[in-house]
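Chains as they are written, first to last, in the numbering used here: chain A, 84 to 321; chain B, 84 to 321.
Report on the following structure.
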C-alpha cells in the first residue's frame with residue numbers, strides 16, 4: 084500500500100461510486116491514448132502503472148503524471164473547454180484499466196452526487212501538486228529542483244521499506260529528467276552525488292530515498308521550505 | 084467580457100447553483116487569506132481582481148493565479164488532504180467576494196449535483212493550464228517562456244481591443260516575473276525587445292499583445308507548438 088493509497092482511506096472514494104466497466108489490458112509500452120486520438124474517457128488504473136506525458140512536435144517531453152492502482156487519469160481532456168493537448172498516456176508496465184465516457188460519468192454524478200465530491204477532492208489534490216511543481220520549477224536551481232522532485236515522486240509512488248527509506252520503483256534517469264525539466268546527464272550526476280552523501284541509495288530496479296538526509300541536503304542548499312514536513316510531503320498523485 | 088467569460092457561456096456554470104452569501108469588500112492590497120490562516124473557504128470574485136501567490140520563508144514567490152469576476156479560488160485548501168501551503172490571496176484592486184465553507188458547498192453539491200459537475204469542469208481547466216505552465220517552465224528558455232507566459236496571461240485576463248490586440252491591464256513587470264519564474268530585469272529587457280519587434284505595445288496601465296506577431300516570434304525561437312492555435316489559446320484562468 085503506497086502513501087498515496089493510505090492517504091485516500093479517509094476521504095470520499097470515487098471507486099465506491101463508479102459502476103464497473105469492462106477491463107482493458109495493456110502490455111508494457113502500449114500507448115493508451117495520444118494527442119491524435121484525444122482522450123475522451125476517464126480512466127481508472129486497476130493494476131500496473133501509467134505515465135502521462137506532454138510533448139511537442141520538437142520532441143521535447145515532460146512527465147506530467149504517474150498513475151498507480153486506484154488512480155485516475157484522462158479527466159482534463161474530458162471536461163476542459165479547450166482543444167486537447169499533446170498528451171500521451173503509456174502503460175509503464177503490464178496494466179489493467181477501466182474507463183468511462185464523459186456522458187457515463189456525468190450521468191452517474193447526477194444520480195450520485197458524492198461521486199462528484201470525490202472527483203473534486205482528487206482534482207484539488209492534483210492542482211496542489213501541480214502548483215508545487217510550478218513553484219519548484221520557478222524558483223529552484225537544478226540541484227535543489229531534483230531533490231524536491233525526488234520527494235514529490237516519493238509522495239506519488241513511493242513505498243515504505245523496513246529500513247525507513249521510501250522506495251521508488253521503475254524510474255529511469257530519463258524519466259526523472261522528464262519529470263524535473265532537466266537532462267538525463269544532470270540527473271545521473273546529481274543522483275551519484277546524493278548517493279555519496281547517503282541521501283539516497285539505488286539499485287537497478289529502484290531508488291531508496293532517505294528523507295531526513297535529503298531534507299538536510301535541501302537545507303544546505305538554502306531551501307528549508309521544501310523539506311519534508313514543510314508542506315510538501317504525503318501528497319497524492321498529480 | 085473577457086475571453087475567459089465568453090468561454091464559460093457554453094458550460095455548466097457554478098454561479099447558477101451556488102446560493103448567495105454575504106458580500107465581503109476588500110481594498111487594493113488587502114490580504115484575503117495567508118498561510119497563517121489556511122484558506123478553508125471557496126471564494127467567488129464578484130468584482131475586482133485577486134492574485135494568489137505561493138511563497139516560501141526565503142521570500143521567493145510565484146504568482147499562481149489571477150482571478151477575475153466569476154472566477155473561483157481557495158478550493159485546493161478546502162478539499163486537499165495535505166496540510167495547507169504557503170499561499171496568499173491579495174486583492175489586486177478594489178474587490179468584492181462571496182465565500183462558502185466546505186460544509187456549505189458539499190451540502191449544496193449533494194442537493195444539486197450539477198454544481199459538482201460545474202466545479203469539476205473548472206478544476207479540469209485549471210489543471211490543464213497548470214500543466215501547460217509546467218511544460219513551458221520545463222522545456223523553454225527564458226525568452227520563449229516569457230512570450231508563452233504573456234499568451235497564457237492573455238487567455239486568463241486579456242480583453243480584446245478594437246484594433247485586434249489583446250489587452251492585459253494592471254500587470255507590473257514584477258508580477259509578470261512572478262508568473263514566469265524569472266526576474267523583473269529580464270522581463271523589462273524582453274518586453275522592450277518585443278515592443279521593438281511590434282509584437283507588443285505598452286503604456287503605463289496596460290500591455291497590448293499582438294498575437295500574430297508574438298506567434299511569429301515564437302516560431303523564430305523554434306517553439307511553434309506554443310503558438311496560438313497550437314492548443315495554448317483561449318484557456319480559462321488557472
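Ideal Cβ placement from N, Cα and C applies to all residues, glycine included.
The structure displayed is predicted, hence computed values, not measured ones.
- Close CB contacts of residue 270 of chain B within its chain, under the 6 Å cut and outside five residues either way in sequence, are with 256, 259 and 260 (chain order).
- Excluding sequence positions up to five before and after residue 285 of chain A, its CB lies within less than 8 Å of the CB of 274, 278 and 291, all in the same chain and listed in chain order.
- Counting along the chain, residue 258 of chain B sits inside the alpha helix (DSSP H) bounded by residues 256–263.
- Between residue 294 of chain B and residue 194 of chain B, the alpha-carbon positions lie close to 44 Å from each other.
- In terms of CA proximity to residue 181 of chain A, A:151 leads the group A:199, A:151, A:203 and A:169.
- Here DSSP, grouped into helix, strand and coil, assigns residue 206 of chain B to helix.
- Look at residue 238 of chain A here: in three-state DSSP terms it is helix.
- Excluding sequence positions up to five before and after residue 110 of chain A, its CB lies within less than 7 Å of the CB of 174 and 177, all in the same chain and listed in chain order.
- At a cut-off of 9 Å between beta-carbon atoms, residue 218 of chain B makes contact with chain A.
- By the Cβ-count criterion, residue 141 of chain B is exposed, with fewer than 16 other Cβ atoms from all chains shown falling within 10 Å of its own Cβ.
- Taking the Cα of residue 162 of chain A as reference, the smallest distance to any Cα among A:237, A:202, A:297 and A:137 is reached at A:202.
- In this chain, the beta strand (DSSP E) harbouring residue 250 of chain A covers 249–252.
- In this structure, DSSP gives residue 139 of chain B a state outside helix and strand, which the three-state scheme calls coil.
- With its beta carbon less than 9 Å from one in chain A, residue 306 of chain B belongs to the interface.
- Looking at the DSSP output, residue 291 of chain A shares a beta bridge with A:250 and A:284.
- Under the criterion of beta carbons closer than 8 Å, residue 250 of chain B and residue 241 of chain B qualify as touching, at roughly 6 Å.
- Leaving aside the five residues that flank residue 264 of chain A on each side, the residues in its chain whose CB is nearer than 8 Å to its CB run, in chain order, 145, 220 and 228.
- For the C-beta of residue 137 of chain A, the chain B residues within less than 7 Å are, from N- to C-terminus, 214 and 218.
- Within chain A, no C-beta atom comes nearer than 8 Å to that of residue 183 of chain B; the closest sits roughly 13 Å away.
- For residue 189 of chain B, the closest Cβ of chain A is nearer than 9 Å.
- The beta carbon of residue 262 of chain A sits closer than 7 Å to those of 146, 232 and 236, all from its chain and outside the five residues before and after it, given in chain order.
- At a cut-off of 9 Å between C-beta atoms, residue 143 of chain A counts as an interface residue with respect to chain B.
- Counting every other CB atom within 10 Å of its CB across the protein chains shown gives residue 224 of chain A a total below 16, marking it as exposed.
- Using a CB distance cut-off of 9 Å, residue 303 of chain A does not count as an interface residue toward chain B.
- DSSP places residue 106 of chain B outside both helix and strand once states are collapsed to three, so it counts as coil.
- Between residue 123 of chain A and chain B, the shortest Cβ-Cβ separation is not below 9 Å.
- Remark: C-beta atoms of residue 149 of chain A and residue 230 of chain A do not approach each other more closely than 9 Å.
- Taking residue 117 of chain B as the centre and dropping the five residues before and after it, the same chain places the C-beta of 171 closer than 6 Å to its C-beta, in chain order.
- Between the alpha carbons of residue 198 of chain A and residue 247 of chain B lies a gap of roughly 43 Å.
- Its chain contains 273 and 304 as the residues whose beta carbon lies nearer than 7 Å to that of residue 226 of chain B, once the 5 sequence neighbours on both sides are disregarded; these appear in chain order.
- Distances from the alpha-carbon of residue 153 of chain A to those of A:308, A:97 and A:159 put A:97 closest.
- Taken atom to atom, the span from the alpha-carbon of residue 268 of chain B to that of residue 126 of chain B is near 34 Å.
- For the pair residue 106 of chain B and residue 200 of chain A, the CB atoms are not nearer than the 9 Å cut-off.
- Not one beta carbon of chain B lies nearer than 9 Å to the beta carbon of residue 279 of chain A.
- Under the three-state reduction of DSSP output, residue 169 of chain B falls in the coil class, being neither helix nor strand.
- Burial state of residue 288 of chain B is exposed, judged by a 10 Å Cβ sphere holding fewer than 16 other Cβ atoms.
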